[in-house]
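Structure first, commentary second.
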Amino acid sequence: MHTIELEDVQGYIVRAYGNMQFSRFSLLKVTNPKAAKRWINSISTKLTNASIVNKDELPDTCLNIAFARDGLKALGMSESNISSFSPPFKEGMVTPHRQRLLGDIDSSDPQRWLWGASQHEQVQILLLTFGKDEQTCLDFYESLKTDFESHGLEVSRNLDGLTLKDNKEHFGFRDGIAQPIIKGSGRTGPEYNCVNPGEFILGYKNNYNVYPDSPTIFENQGDLNLLPPNPARPGKKDLGKNGSYLIVRQMQQDVEGFWDFMNGCTANKDGSINEHESVKLASKMVGRWPSGAPLSKFPDKDPGGASDENDFLYAKDDPKGAKCPFGSHLRRMNPRDSFERDSPKESLLLSNRHRLIRRARLYGDPIIGSPNNKKPKGEVGLYFNCFSADISRQFEFLQYTWSNYPKIKQLYSDPDPIIGVVENPEEGQEQQFTIQGEPYNKTVKNLKRFVTIRGGAYFFFPSITTIRYLCSI
Numbered sequence: 001m002h003t004i005e006l007e008d009v010q011g012y013i014v015r016a017y018g019n020m021q022f023s024r025f026s027l028l029k030v031t032n033p034k035a036a037k038r039w040i041n042s043i044s045t046k047l048t049n050a051s052i053v054n055k056d057e058l059p060d061t062c063l064n065i066a067f068a069r070d071g072l073k074a075l076g077m078s079e080s081n082i083s084s085f086s087p088p089f090k091e092g093m094v095t096p097h098r099q100r101l102l103g104d105i106d107s108s109d110p111q112r113w114l115w116g117a118s119q120h121e122q123v124q125i126l127l128l129t130f131g132k133d134e135q136t137c138l139d140f141y142e143s144l145k146t147d148f149e150s151h152g153l154e155v156s157r158n159l160d161g162l163t164l165k166d167n168k169e170h171f172g173f174r175d176g177i178a179q180p181i182i183k184g185s186g187r188t189g190p191e192y193n194c195v196n197p198g199e200f201i202l203g204y205k206n207n208y209n210v211y212p213d214s215p216t217i218f219e220n221q222g223d224l225n226l227l228p229p230n231p232a233r234p235g236k237k238d239l240g241k242n243g244s245y246l247i248v249r250q251m252q253q254d255v256e257g258f259w260d261f262m263n264g265c266t267a268n269k270d271g272s273i274n275e276h277e278s279v280k281l282a283s284k285m286v287g288r289w290p291s292g293a294p295l296s297k298f299p300d301k302d303p304g305g306a307s308d309e310n311d312f313l314y315a316k317d318d319p320k321g322a323k324c325p326f327g328s329h330l331r332r333m334n335p336r337d338s339f340e341r342d343s344p345k346e347s348l349l350l351s352n353r354h355r356l357i358r359r360a361r362l363y364g365d366p367i368i369g370s371p372n373n374k375k376p377k378g379e380v381g382l383y384f385n386c387f388s389a390d391i392s393r394q395f396e397f398l399q400y401t402w403s404n405y406p407k408i409k410q411l412y413s414d415p416d417p418i419i420g421v422v423e424n425p426e427e428g429q430e431q432q433f434t435i436q437g438e439p440y441n442k443t444v445k446n447l448k449r450f451v452t453i454r455g456g457a458y459f460f461f462p463s464i465t466t467i468r469y470l471c472s473i
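So this is what it looks like as structure tokens:
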């Protein structure tokens, strides 16, 4: 039995805010710590928590807040207390080591980013505002802005996001389907897709049946009576309980390049577009059809509509990758019960120790790409937002080991075709996508990179109680 203190957990971890069609994520800078803490404390009672809400009682707006390392420092947290946070959070996303891990090179080099890199203003606080539509969100934001600007906070950048019909992203595929279910969150589903709360929420046991490493108070500051004891460090207060880490990455999508590549690989003999084969190749690379339907259940044709089908495994239905290729984005990011040569049970155990809660929001022209609709007006992309209790074991592991690494499941030159391709490969370096088949495999050569990183940062997403504590420093 897992009991989560949902009223103390900020809601965006557990709830996707599916009815919130527009969002504004504001990067805030602290100019007056005392006044800023007064304002943050004043909104602590207005923050959206993770309590279960009936569909007919959904609010028109939602509000959450997150803090980067420099934000905690700006609010007065001591270095000895900041040192208790996880290394990725403390070091940030743009150290040379993390740049190599995440593959942020060439056009994705942090030196070319719009925000979040060393040449930009320090990332301190992220205010997340949501509305049922654009006007509702912006009206809500403006009411907050009037207040926080008079309380020692100023905006350095706004990241405006939206959702499109059937929750599709700009390449044209339904997104956000394969989410793990947190035990005790109120959601239900197949047991194999359920994970212990400590995979995403600090202060609870994870899938190793231990408490994840949680930031701790080593130097007395603020009202310590607000914080619970740390179960892993007797005599110390737990700063992380009911919180999480939020990863934000701004990912520009080359919609035209994506569909030009698919069209070129599948063109008819006369050079004309073969729309069916183009969509099929793109779907093989993604692992789902544009509708969201999984290839492992619908290998030949997209059934259409909008599918949330997520109740499937690979070991029994598609052990050889003949339906959903081993190297597809979907199968790499969550191998389910079919990882390498591990047994189904071992594979599920491993897969569920490297899951993410994903919360993407789109930006730019609301285009839904296809073979014949591929030219957006201006830059488009998505804000890839995700939660984990262990940035290194979850987010960074997935990016480095299962996405960027080209050797997986008897494949040797196959990076993740969606997010793992190197823009300028070294001489002799093959980048291909293999489609398993009988009697032989098919290989798509010379993959191109279609995603460019334009900004990013790691944030602490604290509990509502911890937010009040921060304001007491």
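Each step along the sequence shown adds one to the number in the UniProt record's numbering, with nothing skipped, and position 185 is 185. Ideal Cβ placement from N, Cα and C applies to all residues, glycine included. Being a predicted model, the structure only gives us computed values, none of them experimental.
For the 7 Å CB-CB criterion, GLY71 and ILE125 form a contact. Under the three-state reduction of DSSP, PHE25 is assigned to strand.
ARG355 has its alpha-carbon roughly 33 Å from the corresponding atom of LEU138. For LYS205, the three-state secondary structure derived from DSSP is coil. From the listed residues ARG359, ALA389 and SER472, the smallest Cα separation to PHE25 is found for ARG359.
Counting only runs of 4 or more residues that sit fully inside the segment 65-127, the alpha helix (DSSP H) segments are 69-74, 79-82, 87-91 and 96-102, in chain order.
PRO190 has no beta-bridge partner at all, per DSSP.
Put simply, the backbone Cα of GLN431 is about 12 Å away from that of ILE418.
The C-beta distance from ALA68 to VAL123 rounds to 5 Å, short enough to fall under 8 Å.
In the structure shown, the three-state DSSP call for ASN385 is strand. GLU346 sits exposed, since fewer than 16 C-beta atoms from the chains shown fall within 10 Å of its C-beta. Of the residues LYS37, THR163 and ARG157, the one whose Cα lies closest to the Cα of GLY131 is THR163.
When the alpha-carbon of ARG361 is set against those of ASP56, LYS165, SER156 and ILE40, the nearest one is in LYS165. It is roughly 35 Å from the alpha-carbon of GLY428 to the alpha-carbon of ILE368. In the structure shown, LYS236 falls within a coil segment according to DSSP collapsed to helix, strand and coil. Look at GLY437 here: in three-state DSSP terms it is coil, with no helix or strand label. The beta carbon of ARG336 sits closer than 6 Å to the beta carbons of LEU313, TYR314 and SER351 from its chain, once the five residues preceding and following it are set aside; these are given in chain order. Put simply, the segment 294-304 does not touch the segment 368-385. Fewer than three CB pairs are less than 8 Å apart. For MET333, the uninterrupted alpha helix (DSSP H) run begins and ends at 329-333, by DSSP.
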